[in-house]
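Asks: Structure incoming, see below.
Residue numbers (our numbering), protein chains in the order written: chain Y, 82 to 424; chain Z, 51 to 460.
See the structure below:
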């Protein structure tokens with residue numbers, strides 16, 4: 082059970098934060114199909130930052146001394162770098178769709194094509210292979226929070242809550258949850274949030290009240306890019322042992338599905354991402370999930386093909402969308418370039 | 051007074067071609083700049099290697115390797131050009147697939163999934179029917195049709211979801227892509243089609259030549275010796291012309307386009323919009339499925355069946371092929387060849403320099419990015435054209451032009 086919850090969270094949290102990234106863009110009126118691409122780019126930048134910093138030996142002393150506060154700071158720094166670069170990358174999308182009034186779907190697709198191409202081109206030259214890894218050690222030894230940090234011994238029991246939420250977890254997960262809560266409140270309870278959302282519903286009316294629609298859309302997409310870039314790095318850190326391969330296996334698109342399923346509302350999205358995280362976790366680790374702790378790996382023993390489990394998240398997405406699409410209500414003005422002269 | 055038509059420079063078609071050319075040149079320049087930056091910033095690469103790389107980006111098709119002294123040599127390379135035509139075949143088909151969907155207002159990003167399903171169906175039929183009892187030509191035809199049918203079914207699924215449940219076709223297509231990727235792996239995993247004879251080739255399906263099924267060469271191998279070219283390219287060109295006729299000269303094509311420009315207006319005019327959306331996606335899917343059939347029935351191509359982690363690039367590259375051609379079926383033939391030329395360029399870069407084939411993907415993505423606002427580029431061209439306009443032109447033809455453009459943007 083502990084394992085199941087932890088694995089689910091590992092998949093659900095990046096989904097949640099990237100889905101929120103989608104919400105920020107779409108609520109401001111820009112369809113951000115590029116989430117996948119920005120995630121790939123953010124993952125690459127974060128991993129490259131970790132790699133280069135390790136190469137420079139900046140945190141070697143902290144690692145040797147077991148100074149885990151410094152190491153967690155290192156992790157946060159990498160997340161920040163990924164977020165900044167994700168935001169910069171997303172400017173390509175906002176420039177095309179706000180200033181040039183381009184087709185946002187095609188612009189997003191272009192970014193989705195560009196990110197893996199650019200990343201693989203650079204990785205191949207930097208690392209001489211198709212994967213960029215950490216310079217030394219692995220993600221677990223550098224960044225994972227373990228019970229030993231809290232003074233527990235190797236064989237000490239921490240109880241269910243402790244072993245689930247404190248042992249063998251990443252700080253990044255909790256930072257993401259915190260950010261998710263803060264940004265959701267900003268979107269719904271502040272003046273800025275109201276203005277942003279009005280630009281996605283009726284930009285003409287917003288403009289007539291003195292809101293700069295172009296600026297708001299830029300801000301929405303930039304926040305979206307920052308969150309997606311960070312989410313990409315968190316995904317690489319927690320599921321891929323801090324390695325970048327120019328691929329996040331359709332995770333950005335799943336986040337879009339979560340966003341639509343969650344009806345563009347943060348609370349629903351949190352629930353939806355937990356559900357999808359569970360399916361993704363089943364798909365990735367079905368053979369080692371021990372549901373009730375009796376040593377029986379039920380899912381592996383039913384005899385269903387692993388390919389079926391891998392297909393499941395996407396299949397469920399389609400089925401769920403089929404049932405909810407009638408009720409879903411997208412921001413009214415999303416995807417439509419704002420033209421001041423238009424009534 | 052009889053009006054003369056607009057001259058060549060001011061015609062809509064010319065402007066589209068010019069806009070595409072500009073996109074291509076900017077894309078290649080960005081690729082060159084990237085190579086230059088990497089060359090200069092990396093001490094082991096240097097300026098001369100960057101110069102080699104840049105020359106290959108523009109002229110890779112005519113590269114014949116390196117001479118004994120290490121300098122790049124140039125000339126007519128029959129292998130490269132033949133292979134370009136061979137690789138253009140599936141790209142033209144996926145490009146047509148995306149273009150047809152675009153014409154009807156749908157964004158078919160599901161081409162990779164349709165391509166995979168077409169691959170699976172073609173290969174199963176081509177390898178499953180014994181060629182001892184059934185003539186190989188008939189098997190080829192069945193496999194070809196099977197591929198088209200499988201693609202059509204896979205394309206119709208997002209079409210139906212869009213038409214009846216109003217699910218965004220982009221999202222539905224992406225999900226069906228990944229479902230196809232897993233489904234195809236599932237079908238081939240443990241099947242008898244896996245190539246177990248050559249045990250260096252793990253996770254590959256037998257070539258169809260194993261069952262004596264192969265696309266006829268039609269003499270093209272005599273023109274381009276040492277290449278993979280075959281009759282598939284001719285089939286692709288014929289199909290492009292057929293799609294052009296379907297879209298411009300038939301009632302069905304008119305209805306499809308009407309749904310694309312304004313679904314509600316089309317319904318008001320008595321067109322069954324739901325049927326047309328499904329039909330359009332089915333046609334698009336069939337074209338993608340044919341892309342796979344033509345590629346894998348050539349006899350000497352191998353399919354890597356463990357596809358569940360990645361989607362075929364041929365499917366995605368249909369998008370830039372269609373966009374560059376402004377969704378014109380005949381234009382797709384040329385842009386398809388251009389894309390496959392970039393493929394060859396990537397291969398030459400990997401073989402001859404320290405750079406790798408991904409630079410061509412960067413170039414492609416820049417081109418897609420630019421074509422997202424090709425309308426802006428076209429407008430800039432129009433303004434330039436207006437400046438040099440002769441005063442004899444009357445204002446009467448201006449509305450006609452804008453109307454034309456309105457049709458294009460839809």
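C-beta: ideal position from N, C-alpha, C; glycine also.
Since the structure is predicted, the reported quantities are computational estimates derived from the model, not experimental observations.
Using the three-state DSSP reduction, which class does residue 358 (chain Z) fall into: helix, strand or coil?
Replies: Of the three classes helix, strand and coil, the one that applies to residue 358 (chain Z) here is coil, per DSSP.
Asks: So, with DSSP's three-state summary, where would you put residue 123 (chain Z)?
Replies: Three-state result, residue 123 (chain Z): strand.
Asks: Confirm, please, whether the CB-CB distance from residue 169 (chain Z) to residue 353 (chain Z) is below 7 angstroms.
Replies: Taking 7 angstroms as the Cβ cut-off, residue 353 (chain Z) and residue 169 (chain Z) qualify as a contacting pair.
Asks: Excluding the five sequence neighbours on either side, which residues of its own chain have a C-beta within less than 8 angstroms of the C-beta of residue 194 (chain Y), listed in chain order?
Replies: Excluding positions up to five away in sequence, the list reads 118.
Asks: Between which two residues does the beta strand (DSSP E) holding residue 113 (chain Z) run?
Replies: 113–116 is the extent of the beta strand (DSSP E) around residue 113 (chain Z).
Asks: Rounding to the nearest angstrom, what Cα-Cα distance links residue 161 (chain Y) and residue 300 (chain Y) in this structure?
Replies: Going by the C-alpha atoms only, they are around 17 angstroms apart.
Asks: Residue 314 (chain Z) lies in the alpha helix (DSSP H); which residues open and close that run?
Replies: Per DSSP, residue 314 (chain Z) belongs to the alpha helix (DSSP H) from 313–318.
Asks: Which of the three DSSP states is assigned to residue 95 (chain Z) in this structure?
Replies: Residue 95 (chain Z) falls in the coil class under three-state DSSP.
Asks: According to DSSP, simplified to helix, strand and coil, what is residue 244 (chain Z)?
Replies: Residue 244 (chain Z): strand per DSSP, three-state reduction.
Asks: For the segment 210–241 of chain Y, enumerate the residues whose C-beta is nearer than 9 angstroms to any C-beta of chain Z, in chain order.
Replies: Residues passing the 9 angstroms Cβ filter: none.
Asks: Which of the residues in the segment 185–205 of chain Y, read from start to end, lie with their CB under 9 angstroms from any CB of chain Z?
Replies: Against chain Z - using a Cβ distance shorter than 9 angstroms - the residues of the segment 185–205 of chain Y are 185, 186, 187, 188, 189, 190, 191, 192, 193, 194, 195, 196, 197, 198, 199, 200, 201, 202, 203, 204, 205.
Asks: Can you list, in chain order, the residues of the segment 212–228 of chain Z whose Cβ is nearer than 7 angstroms to any Cβ on chain Y?
Replies: Result list: 215, 216, 217, 220, 221, 222, 224, 225, 228.
Asks: So which of Y:148, Y:151, Y:165 has the shortest CA-CA distance to residue 122 (chain Y)?
Replies: Closest by alpha carbon: Y:165.
Asks: In chain Z, which residues lie with their C-beta within 9 angstroms of the C-beta of residue 406 (chain Y)?
Replies: Per Cβ cutoff of 9 angstroms: 211, 215, 216, 217, 218.
Asks: How is residue 439 (chain Z) classed by DSSP in three states: helix, strand or coil?
Replies: The predicted model places residue 439 (chain Z) with a pLDDT of 45, which falls under 50 and marks its position as unreliable, so this point remains unresolved.
Asks: By the three-class DSSP mapping on this structure, what secondary structure does residue 408 (chain Y) have?
Replies: Coil at residue 408 (chain Y), not helix or strand.
Asks: Quick check on the DSSP output: what are the complete alpha helix (DSSP H) runs of length 4 or more inside the segment 192–265 of chain Y, in order along the chain?
Replies: List check, alpha helix (DSSP H) in window: 220–224, 240–246.
Asks: Within the same chain, show all residues whose beta-carbon is closer than 6 angstroms to that of residue 337 (chain Z), passing over the 5 residues directly before and after it, in chain order.
Replies: Within the same chain, residue 337 (chain Z) has close Cβ partners 143, 146, 147.
Asks: Just the C-alpha distance for residue 389 (chain Y) and residue 431 (chain Z), rounded to the nearest angstrom, thanks.
Replies: Spanning the two alpha carbons is a distance of roughly 52 angstroms.
Asks: Does residue 272 (chain Y) pass the burial test, meaning 16 or more other C-beta atoms within 10 Å, or should it be called exposed?
Replies: When all chains shown are included, residue 272 (chain Y) counts as exposed.
Asks: Along the chain, where does the alpha helix (DSSP H) that runs through residue 88 (chain Y) open and close?
Replies: That run of the alpha helix (DSSP H) goes 83–108.
Asks: Between residue 411 (chain Z) and chain Y, is the shortest Cβ-Cβ distance under 7 angstroms, so that the two count as touching?
Replies: So, interface residue.
Asks: When the Cα of residue 207 (chain Y) is compared with those of Y:126, Y:167, Y:353, Y:92, which residue comes out closest?
Replies: Comparing Cα-Cα distances from residue 207 (chain Y) to each of Y:126, Y:167, Y:353, Y:92, the minimum goes to Y:126.
Asks: Taking Cβ positions, are residue 404 (chain Z) and residue 95 (chain Z) nearer each other than 7 angstroms?
Replies: Yes.
Asks: In chain order, what residues of the same chain lie with their CB nearer than 7 angstroms to the CB of residue 179 (chain Y), ignoring the 5 residues before and after it?
Replies: The residues are 295, 298, 299.
Asks: Tell me which residues of the segment 146–173 of chain Z have at least one Cβ-Cβ distance to chain Y shorter than 8 angstroms, keeping chain order.
Replies: Those would be 157, 159, in chain order.
Asks: Output, in sequence order along the chain, the residues in the segment 349–365 of chain Z whose CB is closer than 8 angstroms to any CB in chain Y.
Replies: Those would be 358, 359, 360, in chain order.
Asks: Would you say the segment 293–308 of chain Z touches the segment 172–179 of chain Z, given that touching needs at least three Cβ pairs under 8 angstroms?
Replies: The answer is no - the segment 172–179 of chain Z does not touch the segment 293–308 of chain Z, with fewer than three Cβ pairs under 8 angstroms.
Asks: If we call anything under 7 angstroms between Cβ atoms a contact, is residue 372 (chain Z) one with residue 140 (chain Z)?
Replies: Their beta carbons are not under 7 angstroms apart, which means residue 372 (chain Z) does not touch residue 140 (chain Z) by this criterion.
Asks: Taking residue 278 (chain Y) as part of the alpha helix (DSSP H), name the residues at either end of that continuous run.
Replies: Counting along the chain, the alpha helix (DSSP H) containing residue 278 (chain Y) begins and ends at 272–282.
Asks: For residue 255 (chain Z), does the three-state DSSP call read helix, strand or coil?
Replies: Residue 255 (chain Z) falls in the strand class under three-state DSSP.
Asks: Could you tell me if residue 378 (chain Z) is buried or exposed, where buried requires 16 or more neighbouring beta carbons within 10 angstroms of its beta carbon?
Replies: So residue 378 (chain Z) ends up on the buried side.
Asks: Between the Cα of residue 191 (chain Y) and those of Z:351, Z:198, Z:73, spot the shortest distance and give me the residue it belongs to.
Replies: Among Z:351, Z:198, Z:73, the Cα nearest to that of residue 191 (chain Y) is on Z:73.
Asks: So is residue 212 (chain Z) buried or exposed if we call it buried at 16+ other beta carbons inside 10 Å?
Replies: Flag for residue 212 (chain Z) reads buried.
Asks: Measure the beta-carbon distance from residue 315 (chain Y) to residue 86 (chain Y) and round it to whole angstroms, keeping in mind my assumption that it falls under 8 angstroms.
Replies: The pair is not a contact, with the Cβ atoms about 17 angstroms apart (cut-off 8 angstroms).
Asks: Compare the C-beta of residue 183 (chain Z) with all C-beta atoms of chain Y and state if any pair is closer than 7 angstroms.
Replies: Closer than 7 angstroms: no.
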